[in-house]
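**Student:**
Residue numbers (the working numbering): 14 to 990.
Written out as structure tokens, the structure reads:
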């Protein structure tokens, strides 16, 4: 809590950019003495009715005294925040701390009156709701626990803002005024309201970029070639349904049209609104373009231009300024250094990208930060030859480039409610807000599959470093329902299966085909992937299409089968089915039992792959346009050679029709036919409408890998329907722990607690550490043993010996003083003087299995709870399991069973099973401690001896640090720039 001595300091961490309900942005910041003119101008634009609702009387103008009062704050007892666009106020909120009598007060009074005023032109955009979240967070930071507001009964909009916020509140009516009082402590409902508003706002902000009614391409060259001219051509040839404009300030005054598109020298010259501007000019000309777009009311930008953070420190600062400038006008940005965006909806047909071909419409959403990877993904989903079979199409595609503003989190928010997207595929080079991503992924995955491959973060992406191993991060993403794969080949393989087939009900797999060896290979791959395959059914190479149909129909009708893999090799001889005939037979059988997935493993059967897709041809048509140059960018806008000078190049700036050499991810070996756009045979005309397309794969391991991911995801979906709960424990003392933490942190910014403080803090959460007494001399050891009672253990706690029983620094089951003194002498003889060993004496715990429990706040992943067995073997093998905090009872149960050495807890080889319910309760209590108190940044319990009845915590350490000013539970905010 801030003291009087520093209450005049400007709280810069309260500044935030927010997304409003309609998808636009605004900046929230504290009001200062320099805002007098802005406040007066703002008030003059507010209607008389809104003024009346604010002051309960006609109040046409602010007096000098009012202006002084509303701009002079101490940022403790009196705080004012403003929402701004373009530097001008559009709304204000303030609180004044009051005492029990309703009069102005100071700390420690914990109630405040709050009041809002929103400019009429911006009412209905969710500005007041966003301000309430932020002023509430500020008040909690300043020790205020409750807000009171007085509202006229006719002011329904403001009453709704308060009542919809989700806080616990009381409502009364007195003297013609509605009085609302509500606690500021976040509740489950208030957080749900906040997240729902966040989803709608951020989803809407992406929708505005993907569904624009009008597009301006800024930087269109006067001669063919160049990025701007090519993007304009891509938009035209895709059949964009909205209004299209070409912009270049180097156009001559008499140029009014280019390629049939209205031409303008500036965005400001365009009559009517512009929803989206695609910017393809050199980086030093971008600020002027952004300013013109902002003045014209453009809603969003796709910045193709390179020369930003990917180019070094100067470019990074240029990128920060770009985001600040765009947000000041309420605009969001995709890019810079972006490849572009695509929306295949028949109502939009938007190809504002460097892709020369519009992908086939479909149900897969694609997000890629890398332009080169975006090219590869679009190519693999667009073509029909060279690997994966028949391709389902794309709903939307976003390549974010440097991800300066719009990120994968925002696109997830859009896809969550997008009716045209059934499967989300993401190539992420970095995750800017991992905690938020995990939260959004969990919600999205509960509704539709989310497949992610994560590459290394290139220069230009500000990424929080993680201390967790790669395997741990993957496990945490899987916990959130993410289907985590390693290559874009696996990304596409899994995406095609999930987009085309139902989820399997279990891991039981039937295998049938006309090759015994291919069937056995598939069987072995299923076993290796953890599936439960049936013995392969060999139909022999003489099998007809009818034989395949009948065998598949029998397998699908088998209640012991959850999925079917069909293996097929080319058959030679009279009566052998051709590709189209076999495809019809398989589709016919699959259509009869549509609830089970079917996959095909084929060997060099391009015709079968095409036939199985049962889709219209998606082969690219010959491109008659002039190819793009290898550079990125178009005109210098204003130079005498406009249209000839390319903008600075950056990553992913090669010709968009093929990835540059060396950029293809592992696992993608382009076939010779891929060097040019492949042709394909038309699909069978008799494909039934709405039939699930059957995906086919060129190798058994690819099909089985995709199927195993679908099995795991389906199991996660079933479990996610009942995620469990975070239990309440009556003996947890949350307030007492908070007081203890505040007192400890008053000593310094970050500290590792002493043994005594550790035991006290853990004890407030029902975690009791077995007492250990220091033994600097043999006599002290004997006294400690008498106090604790024999038998005892003697341990060396020096850092190099702690938890290393294998080095001989521990003596157990010492029954009397003689044994204790002998053990003490042995330790000092072996390892040195007592002051070097730091010996302690501890009462013996019941025998059991030694385990380790850890919780840590990772800068990238957030709060993570870890569990494993103690000992060198587990450490060497990295046999630890992890869950995100807060942990539910189901999470704790699965955590204990997730390690490879878990059988040791459950009676392996005739041993006595240990008390795993007690262990799960311990995990839940540690999770609660870290979740309730963000100041607790690390907890280690080692060893925890789990006996057949109960457990004993023999060692513990806790580290504290001041909590962050804002976290994922705080008010909505965009990443700071």
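The beta-carbon is built from N, C-alpha and C at its ideal position, and this holds for glycine as well.
Label residue 688 either buried or exposed according to how many other C-beta atoms from any shown protein chain fall within 10 Å of its C-beta, with 16 as the threshold for buried.
**Tutor:** Confidence at residue 688 is low in this model, with a pLDDT of 33, below 50, so the placement of that residue should be treated as unreliable; the coordinate-derived value is given next. Exposed, because fewer than 16 other Cβ atoms sit within 10 Å of the Cβ of residue 688.
**Student:** Can you say whether residue 326 is buried or exposed, counting buried as having 16 or more other CB atoms within 10 angstroms of its CB?
**Tutor:** With fewer than 16 other Cβ atoms within 10 Å, it is exposed.
**Student:** Could you check whether the segment 314 to 332 touches the segment 286 to 302, counting it as contact only if at least three pairs of C-beta atoms, one from each stretch, sit closer than 8 Å?
**Tutor:** At 8 Å Cβ cutoff, the stretches touch.
**Student:** Any chance the segment 915 to 923 sits against the segment 895 to 906, with 3 or more Cβ pairs inside 8 Å?
**Tutor:** Not touching, per the Cβ criterion.
**Student:** Out of 516, 491 and 599, which has the shortest C-alpha to C-alpha gap to residue 526?
**Tutor:** Checking every option, the nearest Cα to that of residue 526 belongs to 599.
**Student:** Identify, in the order they occur along the chain, each residue of the same chain with its Cβ nearer than 7 Å to the Cβ of residue 553, setting aside the five sequence neighbours on each side.
**Tutor:** The answer, listed in chain order, is 527.
**Student:** What is the DSSP secondary structure of residue 147, reduced to helix, strand or coil?
**Tutor:** Helix.
**Student:** Identify whether residue 168 lies in helix, strand or coil by the three-state DSSP scheme.
**Tutor:** Coil, per DSSP.
**Student:** Can at least three beta-carbon pairs, one atom from the segment 406 to 415 and one from the segment 376 to 390, be found at a separation below 8 Å?
**Tutor:** Counting Cβ pairs under 8 Å, three or more are found: they touch.
**Student:** Say whether the segment 165 to 182 touches the segment 191 to 200, bearing in mind that this needs 3 or more beta-carbon pairs closer than 8 Å, one atom from each stretch.
**Tutor:** A contact exists between the segment 165 to 182 and the segment 191 to 200.
**Student:** Give the straight-line distance between the Cα atoms of residue 912 and residue 565, rounded to the nearest whole angstrom.
**Tutor:** So the alpha carbons of these two residues sit roughly 38 Å apart.
**Student:** Quick check on DSSP: helix, strand or coil for residue 919?
**Tutor:** Three-state DSSP puts residue 919 in coil, outside helix and strand.
**Student:** Assuming residue 276 is part of the beta strand (DSSP E), what are its boundary residues?
**Tutor:** Here the beta strand (DSSP E) through residue 276 covers 274 to 277.
**Student:** With residue 284 as the anchor, note down where its alpha helix (DSSP H) starts and where it stops.
**Tutor:** Note, residue 284: premise wrong, no alpha helix (DSSP H); not H, not E.
**Student:** Check whether the segment 90 to 103 and the segment 148 to 157 are in contact - that is, three or more C-beta pairs closer than 8 Å.
**Tutor:** Judged by Cβ distances under 8 Å, the segment 90 to 103 makes contact with the segment 148 to 157, as three or more pairs qualify.
**Student:** Anyone know if the C-beta pair for residue 312 and residue 344 falls short of 9 Å?
**Tutor:** Going by C-beta atoms, residue 312 is nearer than 9 Å to residue 344.
**Student:** Counting C-beta neighbours from all protein chains within 10 Å, is the total for residue 243 16 or more, i.e. buried, or is it exposed?
**Tutor:** So residue 243 ends up on the buried side.
**Student:** Would the beta-carbon of residue 351 fall within 9 Å of that of residue 384?
**Tutor:** Cβ distance < 9 Å, so residue 351 and residue 384 count as in contact.
**Student:** For a test of the three-state rule: what should DSSP assign to residue 47, helix, strand or coil?
**Tutor:** Helix, per DSSP.
**Student:** Can you list, in chain order, the residues of its chain whose CB lies under 7 Å from that of residue 811, leaving out five sequence neighbours each side?
**Tutor:** Around residue 811: 849, 850 and 851.
**Student:** If we call anything under 9 Å between Cβ atoms a contact, is residue 581 one with residue 595?
**Tutor:** Yes, the pair counts as a contact, with Cβ atoms nearer than the cut-off.
**Student:** Residue 722 and residue 507 look like a contact to me (Cβ under 8 Å); what is the Cβ gap, rounded to whole Å?
**Tutor:** Indeed they touch by this definition, with Cβ atoms about 5 Å apart.
**Student:** Shortest alpha-carbon distance to residue 115 belongs to which of 160, 87 and 129?
**Tutor:** Comparing Cα positions, the closest option is 160.
**Student:** So residue 787 is in the beta strand (DSSP E); what residue range does that whole segment cover?
**Tutor:** 785 to 787 is the span of the beta strand (DSSP E), which, as asked, contains residue 787.
**Student:** Quick check: the Cα distance between residue 448 and residue 235, rounded to an integer number of angstroms?
**Tutor:** Computed Cα separation, rounded: 47 Å.
**Student:** Take residue 602 and list the residues in its own chain whose beta-carbon comes closer than 7 Å to its own, dropping the five residues that flank it on each side.
**Tutor:** Taken in chain order, the residues that qualify are 562, 565, 566 and 569.
**Student:** May I ask you to list the residues that DSSP assigns as paired with residue 183?
**Tutor:** Partner(s): 194.
**Student:** Are the CB atoms of residue 927 and residue 959 within a distance shorter than 9 Å?
**Tutor:** Taking 9 Å as the Cβ cut-off, residue 959 and residue 927 qualify as a contacting pair.
**Student:** Taking the alpha helix (DSSP H) that residue 212 belongs to, which residues open and close that run?
**Tutor:** Here the alpha helix (DSSP H) through residue 212 covers 201 to 223.
**Student:** Need the endpoints of the beta strand (DSSP E) that residue 346 sits in, please.
**Tutor:** Start and end: 345 to 347.
**Student:** Once the 5 residues before and after residue 674 are set aside, which same chain residues still bring their CB inside 7 Å of it?
**Tutor:** Low per-residue confidence applies at residue 674: pLDDT is 33, beneath 50, and the placement is therefore not dependable, though the value from the model is reported in the following sentence. Same-chain partners within the cutoff: there are none.
**Student:** Give the secondary structure of residue 374 by DSSP, where H, G and I count as helix, E and B as strand, and everything else as coil.
**Tutor:** Looking at residue 374 - three-state DSSP - the assignment turns out to be strand.
**Student:** Would you list the residues sitting across from residue 105 in a DSSP beta bridge?
**Tutor:** According to DSSP, residue 105 bridges with 95 and 130.
**Student:** Please report the distance separating the alpha-carbon of residue 79 from that of residue 46.
**Tutor:** Each residue's alpha carbon lies about 12 Å from the other.
**Student:** Quick one: residues in its chain with C-beta nearer than 6 Å to the C-beta of residue 278, no 5 flanking neighbours on either side, listed in chain order?
**Tutor:** Within the same chain, residue 278 has close Cβ partners 262 and 264.
**Student:** Measure from the alpha carbon of residue 347 to the alpha carbon of each residue in 901, 423 and 742, then state which is nearest.
**Tutor:** The residue with the shortest Cα to Cα distance from residue 347 is 423.
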